[in-house]
């Protein structure tokens, strides 16, 4: 009897953790979208509960609603790109910002993207080269 209670308790914790992790990416995506100029188009009116995976153009997620690819390329975005807002996307594999009008330097905070396999920043107005860890 006690074993069954413990198993149910552990399962409940796992479900809660999965929900919290999925929500983390949706909050981070909302902050990122708010920081971009102009704000990216959202086909959905609901950003919570990882709806951005299905509503934002240029976002690809896995089954667990974790962001895998972010590619707002050729969207006429401008200004300084908020690279520090990418750190919550721990599973991000592809970042493609090419063919926009982003400015500023490329910060060392890109090092937080430990799963990143591909980055494309061409055809922008960045003032520095990629940090040495790339």
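In the numbering used here, the protein residues as written are 16 to 149. Ideal placement from N, C-alpha and C gives every residue a C-beta, glycine not left out.
- Using the Cα positions of residue 48 and residue 68, report the straight-line distance between them to the nearest angstrom. 13 Å
- Message: If you follow the beta strand (DSSP E) that residue 93 is in, where does it begin and where does it stop?
- Response: 93-95
- Message: Within the continuous beta strand (DSSP E) that includes residue 83, where are the two ends?
- Response: 82-85
- Item | Beta-carbon gap between residue 91 and residue 130 smaller than 9 Å | no
- In three-state terms, what does DSSP make of residue 41? Residue state, collapsed to three classes: helix.
- Identify whether residue 98 lies in helix, strand or coil by the three-state DSSP scheme. helix
- Query: Is the distance from the Cβ of residue 107 to the Cβ of residue 128 below 9 Å?
  - Reply: yes
- Excluding the five sequence neighbours on either side, which residues of its own chain have a C-beta within less than 6 Å of the C-beta of residue 51, listed in chain order? Closer than 6 Å at the Cβ level, and outside the excluded window around residue 51, lie 92.
- Query: In this structure, does DSSP put residue 72 in helix, strand or coil?
  - Reply: Coil.
- Query: Under a Cβ-count criterion, where at least 16 other Cβ atoms within 10 Å of its own Cβ denotes burial, should residue 142 be classed as buried or exposed?
  - Reply: exposed
- Message: Beta-carbon within less than 8 Å of residue 95's beta-carbon, same chain only, minus the 5 sequence neighbours each way: which residues are those?
- Response: 117, 118 and 119
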